[in-house]
Structure formats: structure tokens, C-alpha cells
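J.: If you scroll down you'll find the structure; I have some questions about it.
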Amino acid sequence: MNKTRPALPSGQDGPRKRPKHARFASPSKDVAATENDFMDNLLAGIDASMFDDLVSSPVRPKSSQQRSPLRPKTRSPTTAISATRRAKVVKVEYEPPLEPSVVYKLDPPIYVESEVGVKVEAKPQIHDHDLLVDFDMGDLSAFDDDLFGESQLELKYPIRNPTVPKPPPGYRPTPWARCVVKGVVDGLRFSDGVIPPLDTLGPGSPSTVALGKTLVVTTKEGVTRVVHLKERWADLAICKGDIVNIISSTLNDPSLPIILTFKDPASFLILHPDLMLTMTSIANAMPCPRRPILQSLVKIPGPPSKSVLYGTMLHSLLQDALQQQDFSVDTTRKRLDAEMSKEERRMEIWGTGMSVEDVKNDVEMKACSGFESFGRKWIGPSPTGAGELHTTPGDSPSLLAINGLHEVEEDIWSPKWGLKGKVDASVQASIILDTTKRQTEVKENVAPLEIKTGRSVGVMAHRAQTMLYTLLMEERYGVPVPAGLLYYSQLDSILRVEARPNEIRALIFARNELASYLSKHRQIQGLSPSIKHTSTSESPGAIGDIEESFLPPTIDNARECKTCYAVDTCMLYRKTVDRVPVKEDDDLAESYKEKMGHMTERHVEFFRKWEALVSVEERELGRFRSQLWTMSARQREKTGRCFSDMIISSYSNDIGKSMAKIHRHTYTFMKSPQSSNPSGSLLSGHIAKGDPVTLSIEPDLLSLTRGFVIDLTSTSITIGVTYILDVYTLLARTSHRGDQSHSGRIVFRIDKDEMSTGMTRLRSNLSHLFHHQSDPRIRSSIVDLTKPSFSKHLSPLPNEIPDHLNEDQRKAMEKVLTAEDYSLILGMPGTGKTTTIAEIIKVLVKRGKTILLSSYTHSAVDTILMKLLNEEFGILRIGNIDKVHPEVKHLTLEAMGDSFDMEELNKKLMDPPVVAATCLAVDHPLFFKRKFDYCIVDEASQITLPTCLGPIRMANTFILVGDHYQLPPIVKSPLARQGGLDISLFKLLSTEHPESVTDLSLQYRMNEDIMMLSNRLIYDGRLKCGSEQVAKQSLILSHRKECREMFGVGGVSGYGRNGRNGGHEDEKMKEGCWIQDLFEERVKAVFVDTDHVPARDSKVGDLVQNEGEAELVCQLATALVSSGITQQSIAVITPYRQQIKLLSGRFSTLPNVEILTADRSQGRDKDVILISLVRSNESGYIGDLLRDWRRINVSFTRAKRKLVIFGSARTLSSDKLLGDFIGLMESQGWMYRLKKGADGQHIRQGCDSEG
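Numbers 56 to 1306, taken from my numbering, label the letters of the sequence shown in order.
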């Protein structure tokens, strides 16, 4: 929007005559001259060539300020002139969003103090020249209330959520299309539109450089187009099969080839657009493109630096000032006090080692006067003479006013540009570009405001960030964004960064170069026998050469490299992956030797192997991430990874109710009545309770927020999120107003969040193992596989070992207490490993030792802690409080409340001798300062080696407790499994040094029939019952009923139990209802064959379920509960998540019967376990899950008194191991064959057949 205004009369606010570059008002002429020189030098010589080697930008930390969902009432806009004449006292009215089911409490009216700090209610003064200058009827709205005798008060600035200026007439965004490259040839070909068969075209080569290239591409609509690449566009490393975005107006004319040349500033090619890069990564590639790639691979945890801490706080304070429309010194001090009182902020300060007072004084000095000056100069309805805006040297003086605020930390994803980022502040700015003209022109635009609070270094990177944000905001808001704003708080100046086409193009080149490296496939090409522990048949060798280099070459600039934050990681990858030595006369030689001189060839091979395996697994986990923008919600819903057409049905403000930082608000969603599939069950799909999800509004408001599933039923999903979903305001200020609403209600898509993989943590663990400052003993134990040592002088005294422990448990304690490096405990099912761990911890604490207790799951950690609750020593539980067991929540920092001072906080963190956390929580600030005497990792056999490295590097001695005959680590990639990623550190060390392992073999859970299954199939007879009472236990029904009593109809007669001779009737079993037969006390372990029912499996998308088995399981569970077995004594286990959902729906009236996967059942036990194996088909296909006998073993060994397994004997027998199991059941006479229609013989009053 452009406005024309005359030069202001002398004495009024407006541009003042001054030398062209006199940018800073200062009492000192020398200081002013120095600052002028700095800005001139800063902006001099900036052109596109400076971006030739450019590559992305750091994502801003999320503001801690809770954003209000309230919106200012829409008023008729005031003109720039009349608004400046208003009184300085303002009252703002708010109205809530229109969502009828969400009720908010309105904030009280807001008043603004006058310039002298007194709240007054003065009427706006109207001057004569306001009525005479540039008057039209539109201006009347600015004071029409006054004409009718009602006081009209001025709005505070910046106005929240102002109306976005309309785009200029004829404005249209450049069209774009997502394409697949079908062929690449050198030269400019096929201009006549005649394209030869695609299979005759070349694949292209990443190394090919030509004067021109021709691409043949197809759009997702199937249209084939010819693309000519000229000048530097021809240097792109494009190959057949690559995904590219073509941005060009020529897309509208299918008869012409699309030409990318420097002559066309609006045409672009985005290579690998699904790799959404941040502005920070692109900007940080100057001068080294290797740096941001390494940063994306490895993030070494550590406390924030002083500059980062101050920058985070100053960002937050200024963003709060913008949101609250108050920049006064007093208010800034109050905000700072509130900021310093936050426990999370104190934790950061504690990690840095600074004092609260020093931090507060430093930040206050930077913020108070600076922000007041910011508000005075640049906040208001229209530019004033104080609001100077720096532009390119040589340009005319400019003025700025920020009159509106759309959002802070606005998260924007752009599938079009292959970019994503968070804008510090999305503002509305009025700018006078040339104050020397008599008729000044005011331009009003949406703009990104980037806040820089440190020293003014890296200005080119800051400019790059800001320019790229203009692309994202133009796409989000649907209007031109010609420039961004850079605020340097230490200089008290704002720089206008114009989005010039040649510079934007240079940045896109840099983005494409980064994407080219990041897209390289990591392949495992060969195995090497060079590492000793890989010589066994089960342990594959080291990873061979990677297919191609995935890192840019090192720049070898001593000055840049020695001060780079990624230097340790860079040198590690140079040593292990690049294999590029440093010459002795190189300036980096001494530093390289210091950091990498300790690494042997064995170390190099170890890192190469495990780093490559992590990368292969990461690629597998990220397969689905691009579906968020490449598939519509309804398309993706068919795959089970998305819910489409979802509307908000209820909202809960959980601030104060939930202590979790990531769960402050709760929304429940249901299908819109206008949905194409309103009655479809939400239980059918990959999304389950506890899963992370992302919420979006189609078509372009992607990933508005993330959260996790709190509850899931067939008709609704409840999600916990951090921030309020102020979607009406968001839609109102974007180009997509009202695109997605059903009867006035906003429609969401809810996707399973495929973005969070945690792989950078695993690489960080691997990298830390080889840092020159890391513990060499741990490195030697894990990489060199040195034999662990045990010291007799550490042997326990007789009174240190409790009398109630059995012989195996005593031996385990003795082994652990004498270990100097590490010790392993093999805890077979039901052998009391949790009790053993608890007793070990008690003894170690009495010895004055500190212990870190860890596992991969929260439940495993908390199960051990519950055995320590009555102890007198301190325990600290670190982790997401929403996932902590209720009985130990009081041990968390959140439950303890805010600390009174830093001394109290220090005691909370440093005093407890026992700290408990999951393996992925060891990046907490506590671990930057504490080193433990012992680390105990439970369920270690289920944890990948790189994950396990996280906690054990925090201690001098580590204890691994697990059972590699039970659940292995979960690895999704078949290639990574083949390479050995599913081999845990526990298995690796126990195989290499069996003398370090102590077996727990006396079990107190299963009767002898159930135990026999695992003993015969898995443990070679090593597992023993701990007592005769355990061996002979059985399920006794206290109120056994006939089926007529339970279901209202008699059981079906004629069912028999096949005997030991395979097919003959067992005389011990009377004929009758199959449920009554299974009730018999002597039936302790039984396989129920469903082949004759039949109960066949079926598909839901790519998921498998078996409705017949679900029905049978529900009938038996209902009968057991009716006959006196408590719901809490029963669990249902199945390997398949879709079967879990199917069963969950049917068990709606048996809510306390746990329904679990084998993985979730680890560590549990029940009197009765019902297992649904699901697979039943004519082809005999059983999939991969049932072939894993370790998971089957876990499922069987959860049962104490009765184990009932439902499955298809014919289908399962197609696998050798499962065939052996079926043969074992036959030989024991433990097969029970159901007859046809058995699943429909009972009327179930205890289950929901609809699911």
C-alpha cells in the first residue's frame, strides 16, 4: 500500500535535513563519525558475487511467552497523519476467536501511559491542518466518533494482527511445479517439443559441467516438459530420478521449453525440495559449506555460551515487548525479573557457571535503554524523523515505522522453495524510502524482522537469512515482500535488506549445493574382517566405503577452522570418512594431531561402521516425511498415517494442571460431519496413543504445531500441545482465508510426525567416544574390546548382601561390586533382575557412590525406582513428567517446584546420589557438570550401541542388565539390520567376554509348563523354577460360571481337545464349550488353532489385523472376568499395532485389561496372558515380526498361571522355528482345535463388537 504525504511543516515530526549517512544521533561527534564509518563499510561493496559460496540459518528458540488467542477488534484504518495526532492514552478491546466450542477468558482492558508516565483520559486533539491536508472521506473514519460526541481512543502499537495490505493490481505469484527428472542431456535440446523415448535419455552425472543442459521432466499431473539450464544453472548436479521444483511463468505455456537463465529473475530450479533447509544452515555456509552439514549430522550437547544465553533472553524480552506493546524501561525490568525467575532459565544459567546477578545486570544494561529507544524510534503508526532506516550506501535517507505485529517465532515451511524457518517477528512496516522528496511516498508492507543482539559480525550471513525469509513470508501471506529488516541492538540501528533477484538467485544456488550433498545415499558396500569382534557369524564386519562423498571438502583455513564451533566434528570426519591427512607443514597440523592423534585404525573402522549404520537407519525413518506436503490428507489417510477433515470438538487449558513443558493445552478433534468418510474409525492406522503428531491446515499452512496423542478412540483423538491454536487469526492474515472450513469451522489434518528421529544424538554419542578429552577406558572397553578387570578388595562384606537374595542374585551383586570397568547381568524372565538392581543401588549408595540409572523406556526406569521409594537417600528423576509413573513423579524437578535461589537449585541437581533418566535424556544441563561413579542400564539388550553410549559415558564404571534372548533393539532398515545395528552393546560384550556375565536363572513367575516352552526353544534348559510352589501354580476360578450364565446362551457342544497323538480325542477332557474346556485348571499352556473357524487375517492399508481372533480373545477374556478373574490379572499381547487398535475397541467395557505389543509387555507379568498371533492365510505368509523368536519368547514369558495362544497352525508351520513350536505343542498334547463358526457361538455382553 502506497501513501503520498507532503513534506511536514517545520517543527513537526518528520525527516530532518542531515548529511546522507548521518545515521546515529549521539552526543559525541566522534562516536557518531565512527558509527557512520562502520555502517558505510558494512554496506559497501555488497553484490551477488559475495553469495557465490553461500549455504543455511539457525532456528530461533521458541518464545516462552504464551501467545494469547485473542484478536483486536477490527476498526477502520486511520491515515498516517491523523494517527500521529492522537492522544497517547489507549484502551484496546479484544474479542475471542469464533470457534464456538472453545471459551477463553478475556484479558482486562489495556491502558497505555503517557510520555510522562501518568495514565490520563485525554481526548484526541484535532488540529486544523489535519482537516485540510490530503482530506478525503476515508479520513473521516479516523475521528467520526468524536463528531458524534463519543471519545475515540488511539490503538497501541504495534497493532496485533493488523489487516495485511492488499497486493498490487495484477500481482500473481510465479507458478511452480513439482517434477521428476526423466532424463538429462548436455546442450540445449528438444526446443521443437519433439522428445525421444525417455529410456534413451542419459541419466546425467553429478560431475558433469556443460555450457547448457536439457532436462526432461514430468509433473505430478503427468505432463512432460523440457527445461533448458543456462549459465550457472547448467552446473547443477542433477541426475535421472531426482525430484526438482520448477518455478517459472513459462509453466503456463506448455508449447514452450522452460528456460532458466540469469536474464529471467523470476525463474528458479529447486533441487531435492523435500530436504527443507533452514535459513541458518544456508547462511552459515559462508565461507565453509561443510560446516552446516556437519551441524545437521552431529550436535554435541553442552551448556549455552554466554553470548547464546544473552541472545536468547534478549530475543525473548524484545518479542514480549512487541506482543505487549510496551517498550518502557520499567516494564522491561519487570519482564526481566519474570524471566530470571523461570526455573528453566535458571537451569541454563547454572549450566554456564555464571551468577544470576551478573546475568541480570548484563542483560538489563543491554535491554532497558535499548528497547526503549527501539520503541521510541521505530514503533508507531507512521515514520518519524527519529526512525532512521539504513539502506544500501548511496541510497537516499529512509524512515521506518513498525505499526503492526503478526507473529513472533512464526514457523513457516515452504515445499515450494525447499526452505523452512522461524521468523523472529513478522511485522507490518511503513517506510519512506526517500525523505529528500517534497512529496514523500509511504510504502506499507509485511516484512520479516530479524533481531541480532550480539556483535555485528557475520553481516553477510544475517542479510542472507533475512532475504530468504522474504520468500517464505511472501508465500505465507500472499503479498509481495520486497525487503526484510535487520535490527542490531548493540548499534541501535535497523538495516533494510532488499530481496534483490540476483542475490536471491545466489542463495538458491547455495541451497541447491547443500541439498546435493545432503541427498547423497549412504550405502553399505562391503564388510571388512579387520575388527576382532565381528569375526563371529552373528556380528557383521566393519562398514566398507560409502558410495560417494557426502561432505564438501575442507577449506583448510587455519584462522577460520580453529575458531569454528564444528572443528572437533570436522576433524573426526576428516580422519574417518574423508581419509584426507593434514600435511606436517600445514597450520592445522598441530591442532589435528592434538585432536585425532589418539585414534587407531581400529577406531577409524569402528566409527565409520556405526556412523554409516545410523545414517542408513535415519534414511529409512525419514521415508515418509515428505508425504506431509506431497500427499493430500485424504490420500495419506489411506496409508494410515494421517487423519483428514478433523475439527476441534473441545479444548482444555492445562497450564497448572500438567507440569510438562510440551503439554500446556489439550485439544480433542473429531471428524467433520462434511467429511468424505465421517464414520471411519480412527483406530485403523499407524497413529497410536503416545505418538508425536503434527497439525496442519491444507493446502499450505504446514506443521502449525506439534504435539503428542494423549487419547485415541474410534471417533476422537486428543492431543497435548505447547501453544494455543489461534487459527482464525492465522487464516485471516494469510492468502488462504477460508480455504479450509466446514460450516465455519476450521478443518485440520493430523499427521504422524515423521520428523523426529533423534539420529543426531546417536552420532553425537559416537563422536563423543572419540574426542580427545573423552574417557580412554570406556573407549578401550567398547572399541578395543579389552578384557574387564575385577578387584577383590572391592568385594562386598557379608552384611552388604541381603539374606533374601538367592544364590544367582548374590553372585551378580558380588560381580558388580568388584567391577572396575564394567559388568553384565543376564536377567532371564522372572528371575528378579529389578530386585537385584535395587539392592545393588542401595549398597553402592552406602559406600558413598553416585549412580546414574538409565534405560530406553520410562517404564523400565520407574519400575526400579518404585523399589527404592522407602530409602532415605535422595533420588532425582529427569525426564518428561507426562511419561513418568505417577508413583515417582514427586522425584522430578517439576514436582519439586521452583528453586528459591541458585544454591537451592544446585542442591537439587548435585546432591542426590541417584539420578534416573532415559538414554535420550542425558542432554539435560545436569549432565554437563556431573560425572557418576556407576551407570546402570536396564534392558540394555534392547538398546542400540550408539544409544547406549549416551548414559555410560557419564560414569567411570557401567553395569549392563539385559537378556539378548528377549527383545532386540528396534531397527527399521533391513540394510541397517544386515549391517548389525540391531546388535546391542550387551550382546557384543557378552559374546566377546562371557566371563563378565552373571546369569540370573531362578525364576519366580511362570509355572513349569509355561517355562518349558522358553526352556526348550530358547534357553537350552538353563531356566529353573525358584520354588515348587511356583512350578505347580495354576489358574483357579473363584466363581466359575457356565456359558449360559455369562453369555445368555449355552456353549456349543462337540468341541474336543486333541491329545498327545495328534488328532485323537483326549479322554481327560469332556466334550463341551471351548471356553469351558480352556477354563480347566490343568490347562496351563495351550495353542488354540483357528484354521477351521476360519479366522483369516486382513489388511487395513498396509497394516494387518484378524477380526476372528479378536472376537475369540474377547469372548475368553469376558468369560474369565465373569468367573472371578480381575481385569488387572489379564493381558492381551499381539505383535501387530493394528490388532492392538482392533482389540482396544472391542475391550471398551473391559478397560483394565491391558492390550500390549510384545515390546510394551517387557517387564510386565500377569496371571493370564492371551496371545493373538494374527497371521492366518492360504499362502502361509507370516511376515518378519513372527520370525523373531525373541519377541515370541517375551510374549510367552509374561504369563504366570495360564497362557493361551490363538493362531493358525497351518500358516505358522510354514516357518521352521514356528513349525518346531507347533510340533512341541502337539507332542505335549497342548493343541486345541476350534471348529467352524466358533467365533460366533456366544453373545458377548462384555465387548464392543463394533470396535
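We put the beta carbon where it would ideally sit given N, CA and C, even for glycine. If you're wondering where the values come from, they're calculated on a predicted model, not measured in any experiment.
1. If you follow the alpha helix (DSSP H) that residue 480 is part of, which residue opens it and which one closes it?
2. Buried or exposed: which applies to residue 1009, given that a residue is buried once 16 or more other Cβ atoms fall within 10 Å of its Cβ?
3. With C-beta atoms as the reference, is residue 288 less than 7 Å away from residue 757?
4. Can you tell me where the beta strand (DSSP E) with residue 412 in it begins and where it stops?
5. How would you call residue 620, buried or exposed, if buried means at least 16 neighbouring beta carbons within 10 angstroms?
6. In three-state terms, what does DSSP make of residue 882?
7. Return yes when the Cβ of residue 971 is within less than 7 Å of the Cβ of residue 1004, no when it is not.
8. Measuring only the C-alpha atoms, how far is residue 868 from residue 969?
9. Quick one: grab the DSSP three-state call for residue 458.
10. Mapping the DSSP letters down to three states, classify residue 1290 as helix, strand or coil.
11. Give the DSSP bridge partners of residue 1160, in chain order.
12. DSSP state of residue 828, grouped into three classes?
13. Going by beta carbon distance, what residues of the same chain come within less than 8 Å of residue 246, once the five residues before and after it are set aside?
14. Using the three-state DSSP reduction, which class does residue 702 fall into: helix, strand or coil?
15. Is it true that the segment 644-664 meets the segment 674-692, where meeting means three or more beta-carbon pairs spaced less than 8 Å apart?
16. Am I right that residue 290 and residue 236 are in contact with their C-beta atoms under 8 Å? What's the rounded C-beta distance?
17. Starting from the C-beta of residue 415, find all residues in its chain whose C-beta is less than 7 Å away, skip the five residues before and the five after it, and write them out in chain order.
18. Alpha carbon to alpha carbon, how far is residue 1220 from residue 1193?
19. So what's residue 1170 in DSSP terms, helix, strand or just coil?
20. In the structure shown, what three-state DSSP assignment does residue 1128 receive?
21. To the nearest angstrom, how far is it from the Cα of residue 1180 to the Cα of residue 1168?
22. Return the CA-CA distance between residue 928 and residue 900, expressed in angstroms with no decimal places.
23. Pull up the distance between the alpha-carbon of residue 1196 and that of residue 1047, whole angstroms please.
24. Near residue 98, what residues of its chain come up, given a Cβ to Cβ distance below 6 Å and the 5 sequence neighbours on each side ignored?
25. Could you please give the first and the last residue of the uninterrupted beta strand (DSSP E) stretch that includes residue 933?
26. Starting from residue 671, trace the alpha helix (DSSP H) both ways and give me its first and last residue.
27. Of all the options 1174, 951, 1190 and 1183, which has the alpha carbon lying nearest to the alpha carbon of residue 1092?
28. How would you call residue 859, buried or exposed, if buried means at least 16 neighbouring beta carbons within 10 angstroms?
29. Residue 310: which of 248, 254 and 270 sits nearest, CA to CA?
30. If you follow the beta strand (DSSP E) that residue 1297 is part of, which residue opens it and which one closes it?
31. Check residue 465 in the structure and name its three-state DSSP category.
32. Which of the three DSSP states, helix, strand or coil, is assigned to residue 1061?
33. Between the Cα of residue 1307 and the Cα atoms of 1189, 364 and 1178, which residue gives the shortest distance?
34. With H, G and I counted as helix, E and B as strand and the rest as coil, what does DSSP make of residue 964?
35. In whole angstroms, what is the alpha-carbon distance linking residue 560 and residue 1002?
36. Strictly by DSSP, which residues pair up with residue 1191?
T.: Result, derived from the coordinates:
1. Where residue 480 is concerned, there is no enclosing alpha helix (DSSP H), although the beta strand (DSSP E) it sits in stretches over 474-487.
2. A residue is called buried once 16 or more other Cβ atoms fall within 10 Å of its Cβ, and residue 1009 is buried on that count.
3. Result no, Cβ atoms of residue 288 and residue 757 do not sit closer than 7 Å.
4. Per DSSP, residue 412 belongs to no beta strand (DSSP E); it is in the alpha helix (DSSP H), 411-433.
5. Counting other Cβ atoms within 10 Å of its Cβ, residue 620 stays below 16 and is therefore classed as exposed.
6. In this structure, residue 882 counts as strand in the three-state DSSP scheme.
7. No, they are not a contact pair.
8. If I take the Cα positions, the gap works out to 18 Å.
9. Correct three-state label for residue 458: strand.
10. Residue 1290 falls in the coil class under three-state DSSP.
11. Answer is 1153.
12. When secondary structure is reduced to three states using DSSP, residue 828 falls in the coil class, being assigned neither helix nor strand.
13. These residues qualify, in order along the chain: 281, 283 and 312.
14. Strand at residue 702.
15. The segment 644-664, when compared against the segment 674-692, does not touch it at the 8 Å Cβ threshold.
16. So it is not a contact: roughly 16 Å between Cβ atoms.
17. If we look at residue 415 and ignore the five residues flanking it on each side, its Cβ neighbours are 391 and 395.
18. When rounded, the distance between both Cα atoms is 23 Å.
19. In the structure shown, residue 1170 sits in a helix (DSSP, three-state: H, G or I).
20. In the three-state scheme derived from DSSP, where H, G and I count as helix and E and B as strand, residue 1128 is classed as coil.
21. Their backbone Cα atoms lie some 15 Å apart in a straight line.
22. C-alpha separation (whole angstroms): 8 Å.
23. One Cα belongs to residue 1196, the other to residue 1047, and the distance between them is close to 41 Å.
24. Only weak support is given to the placement of residue 98: the predicted model assigns it a pLDDT of 39, under 50, and the question is left unresolved by the model.
25. Per DSSP, residue 933 belongs to no beta strand (DSSP E) and is neither H nor E.
26. Unbroken alpha helix (DSSP H) run through residue 671: 656-676.
27. Nearest C-alpha to residue 1092: 1174.
28. So residue 859 ends up on the exposed side.
29. Nearest Cα to residue 310 within the set 248, 254 and 270: 248.
30. Looking at the DSSP string, residue 1297 is not in any beta strand (DSSP E), and its letter there is neither H nor E.
31. Here residue 465 carries a strand assignment [DSSP, helix/strand/coil].
32. DSSP places residue 1061 outside both helix and strand once states are collapsed to three, so it counts as coil.
33. Since the first residue of the chain shown is 56 and the last is 1306, residue 1307 is not available in this structure.
34. The DSSP-derived three-state label of residue 964 is helix.
35. Straight through space, the alpha carbons of residue 1002 and residue 560 are spaced by roughly 41 Å.
36. Residue pairing for residue 1191: DSSP places it in no beta bridge.
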